[in-house]
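A.B. asks: Got a structure for you, questions after.
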Amino acid sequence: MSDVAHAPAQPIAFKRNAREALADPQLRRNFRGAMDFLMDKRRSQFPDGDELERLRAFGNRVRARALSKLPELLERLDARLSRNGVKVHWAETVDEANAIVHRIVEQHAAKKIIKGKSMVSEEMEMNHYLGDRGVDCLESDMGEFIVQLRAEKPAHIIMPAIHLNAGQVAQLFHDKLEVDYTEDVDRLIQIGRETLRRNFFEADIGVSGVNFAIAETGTLLLVENEGNGRMSTTVPPVHIAVTGIEKVVENLRDVIPLLSLLTRSATGQAITTYVNMISGPRKADELDGPQEVHLVLLDNGRSQAFADGELRQTLNCIRCGACMNHCPVYTRIGGHAYGTVYPGPIGKIVTPHMLGLDATRDLPTASSMCGACGEVCPVKIPIPSLLRRLREEAVRAPAAAPQHVRGQGAKYSRKETMVWKAWRTLNTSPALYRAALYAGTRLRALMPAHIGPWTDHRSAPKPAARTLHELAREHLGDQ
Amino acid sequence: MNAKERILGKLRGSLQGTTPIVDDYDIELLNEPWRYPPAERVARLRQMLGAVHGESQLSSTTGWPMQVIEALAQRNIGELLIAPTTPHGQQFADFVARTGAPLRLKAYDRPVEEWKDELFFRTPASLTGTLGGIAATGSLVLWPTPQEPRLMSLVPPLHMALLKASEVLDNLYQFMHAHRWADGMPTNALLVSGPSKTADIQQTLAYGAHGPKELLVLILEDA
Ligand code: SF4
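As you go down the protein sequences, you meet chains W and G in turn.
Residue numbers for the first sequence follow this note's numbering, beginning at 18 and rising by one.
Residue numbers for the second sequence follow this note's numbering, beginning at 626 and rising by one.
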């Protein structure tokens, strides 16, 4: 099953996707192994619980401070970058962002693009958009390269090919790159290196994401281990960075705690191999680096999350992936079942702002509310509370004001609303409550054997013969 | 109204009536857990580097050229990319000329466009300086210049870097502060911690992804 690349899953079909994923033992083994590995790695980086908690609180404050003056910082970032010679573009929607990138592509008559890892470009479906217009986009991160060869989407935001094992990659390379079958990972990586190397300098444009955009100095900071990010941002004559409007931080020093939280939480590394800080294009006397650097700042629903004080916390996210690594749901169904660019807990709280609650109605409820995500989140996003809040937005009357999230009321049902109203009346009126319980126990034989999905995997509950109140009264009466 | 004005307008509207959060930066938290006695800084850096397959050797301001030559000989590498106008590039070129070491030196002295193919496929090793090092994470700080361009530390499979022991500081906070980075950054600055690597296939670590397969740091103890 997992070896057949099929059409990308959609979030609206979440329940079906999840059922299919659960029935795939290979997929479940791959994810279980990978998540255990990543949880261990993270734990080993935080031996001192106090330091971790203080650092998380600090990270949260740095992000909250940046958001508390977001418009001002974005303008400062724009001004500093422009002064440094970087061209800054703004896009409200993914269509606008794609059109901006396409315009730059046309200006340079570019035919070939090499990409470092960028989740925002996935959000834009940039490869698809440019592919339709005759421009080749090649992914250069090893994991992204692998999922691109399989015509799939990333299964994880940090480790895109985490759903595959070495044997599956070996078969893929053998089939697609016509190399001898080998499961030796060193050899497989060398095959990837050789295949991609020529592409770095043949590419007309390099595209990358951004981990932190620093307003103070006009600097784009990128972390990575492979060197493909440095290649993509240094070798081609033009570099286009795409990022969300929330990625800005105020001062250069603000990245120190965030960087530490990011790499330790994500992959359990004290630091990544490369921390790449880009503050401008090649200067006249420099011998390498891109002649042109562009930054595309994308909104795509972020300003909607921003508008509400509680939901705004979604934008604290530094995309470390720890919430998915620790999520029991994600571990069991994998990344593709969500049908969204961002899977797992962060995906469930951020995607409704991007696609609307109507398209993502089952995501906020795809949680056991165990709270693990909120506990590990390095910037202390209260993910479970935000899930609960989105559940509420999904069942509010569609037209009720104020409107916080596009697609409000996607799960609204008049019947359910009535049931809950009745429930409230019943529970706030003692006489009614007692009467109802009395009726429930005396008529218990009428309880149907099948009550919707509840009885798919369980037997139907049967009320007791007498209410607890009755039993208690009798018991006390005896004394 | 353009996209920028519309986005900023929405954000401003959402912030109405709120006050920005004040900066209560916690220097102690970023500094105290990551401090080392001066005599242990280099050892910590070497240990952290070693843990990610970064090789290091102790050396001196006069001894390093010989160590570079030996390292290349061990690997059967006959040529080296240098930055000829840097002090260390000059020192090394002089050393090679004086000793007649059988080594072809390649100078990065023209724009990359003029020799891309050679850089990518026929340049097995490079030698660069560093701005300094960070003990806490075992990182080198690279600050590429017109004399010593960015790709020197990225494209050749073996990257050798010179690090002055006196330039190894405890942690990133101290380094940023001491070098006043906030006052202005170069077009590109880097922290490099080990050779390039990936764990993208079944979480199995493999070195030599897209950047150098080997990183050799020569630490000049008397500098
Ligand atoms: S929500 Fe928190 S844990 Fe999840 S990716 Fe974002 S920062 Fe990491």
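Glycine included, each C-beta is placed from N, C-alpha and C at the ideal position.
Under a CB-based cut-off of 8 Å, is Pro-42(W) close to chain G?
C.D. replies: By 1-based counting over the first sequence, the position of residue 42(W) is 25. Chain G contact via Cβ: absent.
A.B. asks: Looking at Met-176(W): is its Cβ nearer than 8 Å to the Cβ of Gly-151(W)?
C.D. replies: Counted from its first residue, the first sequence places residue 176(W) at position 159. Counted from its first residue, the first sequence places residue 151(W) at position 134. For Met-176(W) and Gly-151(W), no; Cβs fall outside 8 Å.
A.B. asks: Using DSSP with H/G/I as helix, E/B as strand and the rest coil, what is Asp-153(W)?
C.D. replies: Position 136 of the first sequence, counted from the start, is the residue given in the question as residue 153(W). Note: Asp-153(W) maps to strand in three-state DSSP.
A.B. asks: So, does the CB of Ala-22(W) fall closer than 8 Å to a CB anywhere in chain G?
C.D. replies: Indexing the first sequence from 1 puts residue 22(W) at position 5. Here Ala-22(W) scores only 44 on pLDDT, less than 50, and its place in the model should not be relied on; the value that follows carries that caveat. No, its Cβ sits nowhere closer than 8 Å to a Cβ of chain G.
A.B. asks: By the criterion of Cβ-Cβ separation under 9 Å, what are the contact partners of Glu-211(W) in chain G?
C.D. replies: As a working mapping, residue 211(W) is identified with position 194 in the first sequence. What Glu-211(W) touches in chain G: nothing, since even the nearest Cβ is about 10 Å away.
A.B. asks: Which term fits Gln-165(W), buried or exposed, when burial requires 16 or more other beta carbons within 10 angstroms of its beta carbon?
C.D. replies: Within the first sequence, the letter at position 148 stands for residue 165(W). Buried: at least 16 other Cβ atoms inside 10 Å.
A.B. asks: Quick check: does the Cβ of Ala-339(W) come within less than 7 Å of any heavy atom belonging to the ligand SF4?
C.D. replies: The residue you call residue 339(W) lines up with position 322 of the first sequence. It does: the Cβ of Ala-339(W) is within 7 Å (strictly closer) of some heavy atom of the ligand SF4.
A.B. asks: For Gly-285(W), which residues from the same chain have a beta carbon less than 8 Å from its beta carbon, with the 5 sequence-adjacent residues on both sides left out?
C.D. replies: By 1-based counting over the first sequence, the position of residue 285(W) is 268. Counting only Cβ-Cβ distances below 8 Å, and skipping sequence neighbours, we find Leu-55, Asp-57, Lys-58, Arg-59, Arg-60, Ser-61 and Gln-62.
A.B. asks: Check whether chain G comes within 8 Å of Asp-305(W), counting only Cβ atoms and requiring the distance to be less than that.
C.D. replies: By one-based count along the first sequence, residue 305(W) stands at place 288. For Asp-305(W), at least one C-beta of chain G is nearer than 8 Å to its own C-beta.
A.B. asks: Consider the C-beta atom of Ile-222(W) and the heavy atoms of the ligand SF4; say whether any pair is separated by less than 7 Å.
C.D. replies: Along the first sequence, one-based indexing puts residue 222(W) at 205. Checking the Cβ of Ile-222(W) against the ligand SF4 gives no.
A.B. asks: Secondary structure at Lys-32(W), three-state DSSP: helix, strand or coil?
C.D. replies: The sequence position of residue 32(W) within the first sequence is 15, counting from 1. Helix, per DSSP.
A.B. asks: Just to confirm before moving on: does the CB-CB distance between Leu-312(W) and Leu-98(W) stay below 8 Å?
C.D. replies: To locate residue 312(W), count along the first sequence from 1; it is residue 295. To locate residue 98(W), count along the first sequence from 1; it is residue 81. Yes.
A.B. asks: Please find out if some non-hydrogen atom of the ligand SF4 comes closer than 7 Å to the beta-carbon of Ser-138(W).
C.D. replies: Reading the first sequence from its first residue, position 121 is the one you call residue 138(W). No.
A.B. asks: If we cut at 8 Å on Cβ distances, does Trp-437(W) have a partner in chain G?
C.D. replies: Residue numbering aside, residue 437(W) sits at position 420 when the first sequence is read from its first letter. Not one chain G Cβ lies under 8 Å of Trp-437(W).
A.B. asks: Quick check: does the Cβ of Arg-59(W) come within less than 7 Å of any heavy atom belonging to the ligand SF4?
C.D. replies: Locating residue 59(W) in the first sequence gives position 42, where the first residue counts as 1. No, since every heavy atom of the ligand SF4 falls outside the 7 Å radius drawn around the Cβ of Arg-59(W).
A.B. asks: Please confirm whether any heavy atom of the ligand SF4 lies closer than 7 Å to the CB of Cys-387(W).
C.D. replies: As a first step, residue 387(W) is located in the first sequence; it is residue number 370 there, counting from the start. It does not: the Cβ of Cys-387(W) is nowhere closer than 7 Å to a heavy atom of the ligand SF4.
A.B. asks: Helix, strand or coil: which one does DSSP assign to Arg-631(G)?
C.D. replies: In the second sequence, counting from the first residue as 1, residue 631(G) sits at position 6. It is helical.
A.B. asks: Using only the alpha-carbon positions, how far apart do Ser-430(W) and Tyr-347(W) sit?
C.D. replies: Here residue 430(W) refers to the residue found at position 413 of the first sequence. Here residue 347(W) refers to the residue found at position 330 of the first sequence. Those two C-alpha atoms are separated by around 28 Å.
A.B. asks: Below 8 Å between beta carbons is the criterion; list the residues of the stretch 136 to 155 of chain W that meet it against any residue of chain G, in chain order.
C.D. replies: none
A.B. asks: Could you pull out every unbroken beta strand (DSSP E) segment of at least 3 residues lying fully inside the stretch 118 to 150 of chain W, listed in chain order?
C.D. replies: The DSSP assignment places complete beta strand (DSSP E) segments of no fewer than 3 residues inside the stretch 118 to 150 of chain W at 129 to 132, in order along the chain.
A.B. asks: When burial is assigned at 16 or more other CB atoms within 10 Å of the CB, is Val-21(W) buried or exposed?
C.D. replies: For the purposes of this step, residue 21(W) is taken as the residue at position 4 of the first sequence. Residue confidence is low: Val-21(W) scores 43 on pLDDT, short of 50, so the model does not pin down where it sits. Its coordinate-derived value is still stated next. Classification for Val-21(W): exposed.
A.B. asks: Please list, in chain order, all residues of the same chain as Pro-254(W) whose beta carbon is under 8 Å from its beta carbon, the five residues on each side excluded.
C.D. replies: Residue numbering aside, residue 254(W) sits at position 237 when the first sequence is read from its first letter. The answer, listed in chain order, is His-125, Asp-221, Ile-222, Pro-307, Gln-308 and Glu-309.
A.B. asks: What does the alpha-carbon distance come out to for the pair Ser-19(W) and His-173(W)?
C.D. replies: Locating residue 19(W) in the first sequence gives position 2, counting from the first residue. Locating residue 173(W) in the first sequence gives position 156, counting from the first residue. Residue placement at Ser-19(W) is poorly supported in this model, since its pLDDT is 43, which falls under 50; the coordinates still yield a value, given next. Cα to Cα, the separation comes out at about 15 Å.
A.B. asks: Mapping DSSP to helix, strand and coil, what is Leu-189(W)?
C.D. replies: Residue numbering aside, residue 189(W) sits at position 172 when the first sequence is read from its first letter. The answer is helix: DSSP assigns Leu-189(W) an H, G or I state.
A.B. asks: Applying the 10 Å Cβ sphere with the 16-neighbour rule, what's the burial state of His-835(G)?
C.D. replies: Along the second sequence, read from residue 1 onward, the residue named residue 835(G) stands at position 210. With 16 or more other Cβ atoms within 10 Å, it is buried.
A.B. asks: Which chain G residues are close to Val-292(W), counting only those with a beta carbon under 7 Å from its beta carbon?
C.D. replies: Against the first sequence, residue 292(W) aligns to sequence position 275. At a C-beta separation below 7 Å, Val-292(W) has these neighbours in chain G: Leu-815 and Leu-816.
A.B. asks: Out of curiosity, what's the CA-to-CA distance linking Asp-65(W) and Leu-91(W)?
C.D. replies: As a position in the first sequence, residue 65(W) is number 48, starting the count at 1. As a position in the first sequence, residue 91(W) is number 74, starting the count at 1. The alpha-carbon atoms of Asp-65(W) and Leu-91(W) are separated by roughly 35 Å.
A.B. asks: Identify the continuous beta strand (DSSP E) that holds Ser-751(G) and give its terminal residues.
C.D. replies: Residue 751(G) sits at position 126 when you count from the first residue of the second sequence. 750 to 753 is the extent of the beta strand (DSSP E) around Ser-751(G).
A.B. asks: With a 10 Å radius around its C-beta and 16 neighbouring C-beta atoms as the bar for buried, classify Arg-747(G) as buried or exposed.
C.D. replies: For the purposes of this step, residue 747(G) is taken as residue 122 along the second sequence, with counting starting at 1. By the 10 Å Cβ count, Arg-747(G) comes out exposed.
A.B. asks: So Trp-107(W) and Ile-844(G) are in contact, right, with Cβ under 8 Å, and what is the actual spacing, rounded?
C.D. replies: Sequence index remark: in the first sequence, residue 107(W) carries index 90 (1-based). Sequence index remark: in the second sequence, residue 844(G) carries index 219 (1-based). Between Ile-844(G) and Trp-107(W) the Cβ distance is about 46 Å, and since that is not below 8 Å, they are no contact.
A.B. asks: Since Ile-844(G) is in the beta strand (DSSP E), which residue starts that stretch and which ends it?
C.D. replies: The residue given as residue 844(G) occupies position 219 in the second sequence. It spans 839 to 845 - the beta strand (DSSP E) in which Ile-844(G) sits, taken as one unbroken run.
A.B. asks: Would you say Lys-822(G) faces chain W, with C-beta separation under 8 Å as the test?
C.D. replies: In the second sequence, counting from the first residue as 1, residue 822(G) sits at position 197. Chain W, which has a Cβ nearer than 8 Å to the Cβ of Lys-822(G), makes this yes.
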